[in-house]
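Peer 1: Numbering (our numbering), first residue to last: 46 to 284.
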Amino acid sequence: MRLLTFTIVYFFSQLFISIGAVVNGDDSTSNTFPVNLDWRTRGVIAPIYSQGQSPYVAAITMVETIESLYAIETGNLTRGSVARVIDCCPKFIVDFECIVRLGGICRDSDYPTARGTCEPNACVPFATFEKLIVFRGLDDEQLVPLIQNATLLVSVDAASIRFMEYQNGIFQDQTCSSTTIDHLLQLVGYGQSETGEPFWIAKNSWGESWGDNGYIRILRGKNICGIATQSIVRLVIGL
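(1) Secondary structure at THR220, three-state DSSP: helix, strand or coil?
(2) Expressed to the nearest angstrom, what Euclidean distance is found between the alpha-carbon atoms of LEU147 and GLN187?
(3) Within a Cβ cutoff of 7 Å, which residues of the same chain sit near VAL89, ignoring the five residues on either side of it in sequence?
(4) Which value, in whole angstroms, describes the spacing of the CA atoms of THR274 and THR158?
(5) Nearest by alpha-carbon distance to VAL130: which of THR119, ASP153 and GLY120 is it?
(6) Roughly how many angstroms lie between the CA atoms of ILE215 and PRO243, to the nearest whole one?
(7) On the criterion of 16 or more Cβ atoms from any shown chain inside 10 Å, does ARG207 qualify as buried, or is it exposed?
(8) Rounded to the nearest angstrom, what separates THR110 and GLU142 at their Cα positions?
(9) If distances are taken between C-alpha atoms only, which option among GLU210, GLN217, ALA172 and SER223 comes closest to VAL199?
(10) Skipping 5 residues on each side, what residues in its chain have a beta carbon closer than 7 Å to that of ILE261?
(11) Here's the rule: buried if 16 or more other CB atoms are within 10 angstroms of the residue's CB, otherwise exposed. What is GLN98?
(12) In its own chain, which residues sit with a C-beta less than 6 Å from the C-beta of THR106, not counting the 5 before and 5 after it?
(13) Counting only C-beta atoms, is GLY241 closer than 9 Å to chain D at any point?
(14) Check for me: the alpha helix (DSSP H) holding PHE141 runs from which residue to which?
(15) Does the distance from the CB of PRO170 to the CB of GLY149 come in under 9 Å?
(16) Report back the beta-carbon spacing between ASP185 and CYS270 to the nearest angstrom; my notes put them in contact at under 8 Å.
(17) Tell me, to the nearest whole angstrom, how far the beta carbon of SER126 is from that of TYR156; I am working on the premise that it is less than 8 Å.
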C-alpha cells in the first residue's frame, strides 16, 4: 500500500473529532508559487453536489476532498460515497477519525443512498488516510503552499444574505464573521483577476444553480468570512 501526504483545512474547531498532533505556529510562504492554480482544469474535481435541505455538509466536503486527492495521485476521479459517511459517522461534525475506523471512503456506485443504519461492510473502501496533524494560527496567504499538492477543506461564515445570493465576481464582503463559522467548502484553487485582485476558488455543495455554476471566488488575503483562521489539517493517506 502506497502512502501519500496531502492537506485538508477545516474549521468547526468546537465541532470536530481529530486524530494526531496539534501544532501551533505559522507556515512558510517564502517559496515562489504559481500566480494561478485551478485543480478543476486537471480533471480531479467531481461534479457539484447538491445537498438540498440536507445538513450533512461535513460528510460531503470530507468525501470530496479525499476523492480529489485520490484522483490527483492515481489519475482516476472516483466519486466517493457521502451516504456511507452519513450512515456511519456523527451527523454534523468533521470527524476524520470515523472515516479511518471505516477503513476509508467507498465508491458512490457501491453505496449510493443513505440507508438509515450503518452497514460498514456493504462496500469496499478505495481511499483512506493514516495520520492527521492540525495546524492553527495561519492566515489565508499561508494556505497557498498547502494547496499546491491537493485541494483543501475550509470553513466559512455563510449565513449572510450576500453569500447566499452570490452569483459571480469576487466575493469580498468583510461584514461576515471571521470567528463564527457555519459552513464548509472545498478549496480548489486560486488566482488573480485582470485588475490584479487575488482570489480563492471554492466549491460549494448547493447545486450548480448557486453562484458561478456551483463555485465562488473569494477575495484572498483578507480572511473573508473566516476562510483561514482556525485549523489546518495535514493527512497521510493510504491507497
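Built from N, CA and C at the ideal position, the CB exists for glycine as well.
Peer 2: In short:
(1) coil
(2) 32 Å
(3) SER113, ALA116, ILE117 and LEU122
(4) 34 Å
(5) ASP153
(6) 9 Å
(7) exposed
(8) 15 Å
(9) SER223
(10) TYR211, PHE216, ALA247 and ASN249
(11) exposed
(12) LEU198, LEU229 and GLN231
(13) The question asks about chain D, but that chain is absent: this structure has only one protein chain.
(14) 141-146
(15) yes
(16) No, ASP185 and CYS270 are not in contact; Cβ-Cβ is about 10 Å, not under 8 Å.
(17) 4 Å
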